[in-house]
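Here's the structure we're looking at; comments come further down.
Chains as they are written, first to last, in this note's numbering: chain A, 1 to 168; chain B, 1001 to 1168.
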């Protein structure tokens, strides 16, 4: 039984370590958005590249889509799908104000973190909603954990771009 | 015993999922470096920001430092420490050629992946070498797994920047 308890504690440490990495990235990005401010977020991260506000809306839309993908419920902001997922920046869509998007960002991340903390280590290894039971039997790595990790690296990818908007 | 085996398989699936995320990022970056090419790597990712070749050297140096940090052995390229870790870009250091750095990049990542695959799930939860046993008792999240995850997000951060060098 001791062994069993040790191993159970190990799986729990695995999921905790990964949730901590997610939380760290969310915190860094939130602080970055706040330090950049609304006016600077309207600028492009580099000439002819995405604007800060597009990337903020994109990140909100991607995190919002994690709710159904991980089986936590429906999207909060389906109206962000067209301007920030389907369409590229500068496609003529009107964007919500940056501070409104930042509120959405905080809201969806709070909701996700609460749901993450309620999943057991075993549930992290269950399939996510975009893979069929049949495919999952062949590809067991398409689990909820892989979604958490890929969305963590996705944040980091855009963090590296958004930091270019910071004034020295 | 069945339970025990199930849980052991769960810890193994956790570490496999995370190693897979690492491997995916390494592959994406390697392909990106190859598609950008030596000449474009000399350019800045955005006006007055880091050059591609600096970021390549920086990534090699950070991955090289994982060897001692995770207890796998000594650094291969200690001479990269000054130009790519201690000093900022454009500090007057002479850089190795980009294709030489790309060879280092492939070499160190092969070496790391081999060592990762030899670690048991329990070993991933052991302390890394930059934390004392005393501090680790208080902060058990400072484990080898957290190094793997933070270096995976680190790659992604710079990937988001290096992609700006790609021609449309």
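Just so you know, even glycine gets a beta-carbon here, dropped at the ideal spot from N, CA and C.
For residue 1127(B), list the residues DSSP reports as bridge partners. DSSP output for residue 1127(B) lists 1143(B) as bridge partner(s).
Would you check if the region 59-70 of chain A and the region 95-112 of chain A touch, i.e. whether three or more CB-CB distances between them fall below 8 Å? yes
contact_flag[the region 1087-1096 of chain B, the region 1122-1129 of chain B] where n(CB pairs < 8 Å) is 3 or more: no
What's the C-alpha gap between residue 138(A) and residue 1017(B)? In a straight line, the C-alpha of residue 138(A) is about 15 Å away from that of residue 1017(B).
From the beta carbon of residue 85(A), is the nearest beta carbon of chain B less than 9 Å away? no
Interface partners of residue 188(A) on chain B, CB under 8 Å: Nothing about residue 188(A) can be reported from this structure: the residues present for chain A run from 1 to 168 only.
With 16 other CB atoms within 10 Å as the buried threshold, where does residue 144(A) fall? buried
Residue from 48(A), 83(A) and 112(A) whose Cα sits closest to the Cα of residue 96(A): When each option's Cα is compared against that of residue 96(A), the closest is 83(A).
Chain A contact for residue 1017(B) (CB, 9 Å cutoff): yes
Chain B residues whose Cβ lies nearer than 9 Å to that of residue 20(A): 1141, 1146 and 1149
Residue 152(A) versus residue 1092(B): straight-line alpha-carbon distance, rounded: 35 Å
Taking the alpha helix (DSSP H) that residue 118(A) falls in, what are its first and last residues? 98-118
Cβ-based neighbour list, residue 75(A), same chain, cut-off 7 Å, excluding 5 preceding and 5 following: Scanning its chain for C-beta atoms nearer than 7 Å, with the 5 sequence neighbours on each side dropped, one finds around residue 75(A) the residues 64, 65, 67 and 68, in chain order.
Backbone CA spacing between residue 1156(B) and residue 156(A) [nearest angstrom]: 6 Å
Please classify residue 1034(B): does DSSP put it in a helix, a strand, or coil? Correct three-state label for residue 1034(B): helix.
Express the C-alpha separation of residue 1140(B) and residue 106(A) in angstroms, rounding to a whole number. 28 Å
What residue does the alpha helix (DSSP H) around residue 1054(B) start on, and which one ends it? 1052-1064
Throw me the rounded Cβ distance for the residue 70(A) and residue 163(A) pair, which I believe falls under 8 Å. Going by Cβ atoms, the distance from residue 70(A) to residue 163(A) rounds to 28 Å, so no, they are not a contact pair.
Alpha carbon to alpha carbon, how far is residue 1022(B) from residue 150(A)? Give it in angstroms, no decimals. Take the alpha-carbon of residue 150(A) and the one of residue 1022(B): they are about 10 Å apart.
Chain A beta carbons: is any one of them nearer than 9 Å to that of residue 1014(B)? yes
Under 8 Å (Cβ pairs) to chain A, residues found in the region 1042-1067 of chain B: 1045, 1046, 1047 and 1049
So what does DSSP say about residue 44(A), is it helix, strand or coil? Residue state, collapsed to three classes: strand.
For residue 1013(B), does the three-state DSSP call read helix, strand or coil? helix
I'd like to know whether the C-beta atoms of residue 121(A) and residue 11(A) end up nearer to each other than 9 Å. Yes; because the gap between Cβ atoms is below 9 Å, this pair is in contact.
Taking DSSP as the reference, what is the three-state secondary structure of residue 1160(B)? helix
Check distances from the C-beta atoms of the region 108-123 of chain A to those of chain B and list, in chain order, the residues that come in under 7 Å. 121 and 122
Can you tell me which of the three DSSP states residue 1132(B) falls into? coil
Determine, using beta carbons only, whether residue 1010(B) comes closer than 9 Å to chain E. Among the protein chains in the structure shown, which are A and B, there is no chain E.
Which same chain residues, not among the five before or five after residue 131(A), have their C-beta less than 6 Å away from its C-beta? 142
Between the C-alpha atoms of residue 42(A) and residue 161(A), what's the straight-line distance to the nearest angstrom? 14 Å
Assign residue 52(A) to buried or exposed, taking buried as 16 or more other Cβ atoms, counted over all protein chains shown, within 10 Å of its Cβ. buried
For a contact defined as C-beta to C-beta under 9 Å, what are the partners of residue 1152(B) on chain A? 21, 149, 152, 153 and 156
Proximal residues of chain A, C-beta to C-beta of residue 1100(B) below 7 Å: Within 7 Å of the CB of residue 1100(B), no CB atom of chain A is found; the nearest one sits about 24 Å away.
Helix, strand or coil, according to DSSP, for residue 86(A) in the structure here? Helix at residue 86(A).
Three-state secondary structure (DSSP) of residue 80(A): helix
Distance between residue 1009(B) and residue 1001(B) (C-alpha atoms, nearest Å): With a pLDDT of 40 at residue 1001(B), under the threshold of 50, the modelled position of that residue is not reliable, and the figure given next carries that caveat. Taking the straight line joining both Cα atoms gives about 12 Å.
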